[in-house]
Structure formats: structure tokens, C-alpha cells
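Written below as C-alpha cells is the structure these notes are about.
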Amino acid sequence: MYLSLGVFIFPFLFKTAAGSRMKLFLFSSLLAIIISLYFSYSYAAWLAVALSSILLLALKTSSVKKYLLLATAIISIFFLFQQSNPKLSHMFEERSSFSSRIMIWKSALRIAHDNPLLGIGPANFQGKYLEYQRHFPPYLEWAVPHPHNIYLAFWLQAGLLGLCGFLILCHKSVSLFLKQKNTALSAVFLGIFFYTLIHGIADTPYWRNDLSYMFWTVFFLGITSTRKDAAQKSNR
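So in my numbering, spot 33 of the sequence shown is number 403, and the numbers just go up one at a time.
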């Protein structure tokens with residue numbers, strides 16, 4: 371996840387960089403991030419970057435659009451180079467990692483169905499997951515500390531109220547970031563939020579100390595920046 375965030379931070383840093391040397395350094399850093407992201411072979415991260423960039427393409431000005439279009443094209447090329455990779459060709463087989471994810475999601479949904487309001491509490495998914503094995507064919511994975519889905523994770527660990535609170539928070543945050551006058555800066559906050567929400571469909575990029583800390587850092591930086599813009603506008 372950390373590599374992907376650099377893709378969205380780059381446009382703002384590049385736009386505000388002073389001097390050609392700094393811009394060359396930033397571009398080299400982006401290239402290193404893209405190469406590392408490619409060799410991570412994380413298809414969920416690739417898709418999240420591409421879809422987040424496409425969303426931003428519809429929202430940002432032309433200068434940012436050009437960069438985001440390039441990012442989308444690069445991710446598309448990533449997938450073209452994966453045509454001969456067994457991981458991609460075996461993705462939908464019975465014992466693939468994707469099939470394992472589907473099994474985990476089915477189990478998580480069954481647990482949520484039986485505990486809809488209060489969930490099961492933090493750090494309890496592994497035990498419940500094993501307990502519910504009797505309802506399904508033999509699991510492909512047994513050590514599963516979280517449901518590999520940020521929405522199911524919030525529902526199960528924080529209850530229905532926690533899930534609703536998370537969704538409302540994200541909706542309000544995106545609405546505020548869209549009002550940000552500095553389009554390059556707002557692209558950073560929007561891109562990271564979009565990425566988290568999209569990648570969260572296939573993983574849980576929150577329920578870990580470092581990831582949750584990063585989420586709230588981005589949230590408060592975005593809110594502070596938006597309010598600063600609003601205050602400057604009202605003083606004119």
C-alpha cells in the first residue's frame with residue numbers, strides 16, 4: 371500500500387518543486403516506486419491505482435489529468451505484461467488465491483449475518499472464522515486474522531454503527547476535498563482516499579497500527595488544508 375501512495379503524492383510534489391534537479395529526483399523516485407509496485411505483483415494494488423486515477427481524471431484540471439492518464443496507462447501495461455504469468459492465468463482456478471478470498475468473504479458475510487448489529491469485536495475474526503468452517507467446504511487458508519475487505523472488517527469489528535460511521539466519514543471527507551482550491555493538493559487526498567476505498571474491496575488497508583495512523587494523518591491534513599482555504603477565501 372505504501373508504494374501506491376507515492377503515485378498520488380507525486381503530482382503535488384512535482385508541481386511545487388523548485389529547479390530541474392529536484393524534479394529529476396522526484397521523477398526518478400516515481401520510477402523506482404512504479405518498478406517496485408510492478409514487482410510486488412499485487413493485482414489489487416494495480417487495479418486500485420488505476421481506478422483511483424480514472425476517478426480523479428473526471429474531477430481534476432487538465433494538468434493533473436495528463437499525469438493521471440499516464441498512471442492509468444502504466445498500470446494497464448502492467449497487466450499486458452502479465453498475460454503469461456501463471457498467477458494471472460490461474461486466478462480463477464479452484465485453489466487460487468482469489469478463490470480463497472471468495473471463501474473468506476463468504477465466511478465473513480455469514481458471521482456478519484449472525485452478528486449484524488454489534489459485530490464480533492476487534493481481533494476476534496480468526497477464531498470466528500475457524501468456528502464457522504463447519505458451514506463451508508475445507509478452507510484454502512486457515513490463518514486469516516482479518517476478512518480481506520475493509521467494509522466487512524469495520525462491520526465485524528466495530529458493528530453496523532462503526533461501518534456506517536466509516537462510510538459517512540469517507541463521504542464527508544471526499545466532499546470537503548473536492549472543495550479544495552489547490553487541485554494538485556486535493557488530488558493527493560482524494561487519490562489516497564479513493565485508493566483506500568477501492569483496495570479495501572480486496573484487502574484491509576486500515577486495521578493495523580501503521581495503516582490506521584496513515585489514514586488519520588491524511589484525513590486531518592486534508593481537513594486542515596480545506597479549512598485553511600475556506601478561511602483565506604472568507605478573508606478576501
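Using N, Cα and C, we set each Cβ at its ideal position, and we do this for glycine too.
Cβ-based burial, residue i [other Cβ within 10 Å; buried from 16]
{"i": "residue 512", "result": "exposed"}
{"i": "residue 586", "result": "exposed"}
{"i": "residue 573", "result": "buried"}
{"i": "residue 596", "result": "buried"}
{"i": "residue 549", "result": "exposed"}
{"i": "residue 503", "result": "exposed"}
{"i": "residue 538", "result": "exposed"}
{"i": "residue 560", "result": "buried"}
{"i": "residue 456", "result": "exposed"}
{"i": "residue 498", "result": "buried"}
{"i": "residue 553", "result": "buried"}
DSSP-derived helix/strand/coil call for residue i
{"i": "residue 484", "result": "helix"}
{"i": "residue 579", "result": "helix"}
{"i": "residue 448", "result": "helix"}
{"i": "residue 517", "result": "coil"}
{"i": "residue 507", "result": "coil"}
{"i": "residue 466", "result": "coil"}
{"i": "residue 574", "result": "coil"}
{"i": "residue 477", "result": "helix"}
{"i": "residue 454", "result": "coil"}
Integer Cβ distance of residue i from residue j, believed to fall under 8 Å
{"i": "residue 495", "j": "residue 508", "result": "Not a contact, Cβ separation roughly 19 Å."}
{"i": "residue 419", "j": "residue 565", "result": "7 Å"}
{"i": "residue 529", "j": "residue 591", "result": "The Cβ separation is near 28 Å, so there is no contact."}
{"i": "residue 478", "j": "residue 517", "result": "4 Å"}
{"i": "residue 427", "j": "residue 439", "result": "6 Å"}
Where the alpha helix (DSSP H) through residue i begins and ends
{"i": "residue 569", "result": "553-569"}
{"i": "residue 527", "result": "520-548"}
{"i": "residue 378", "result": "372-386"}
{"i": "residue 512", "result": "Premise fails: residue 512 is in no alpha helix (DSSP H) and is neither H nor E."}
{"i": "residue 501", "result": "495-501"}
{"i": "residue 490", "result": "Note, residue 490: premise wrong, no alpha helix (DSSP H); not H, not E."}
{"i": "residue 400", "result": "390-410"}
{"i": "residue 422", "result": "413-427"}
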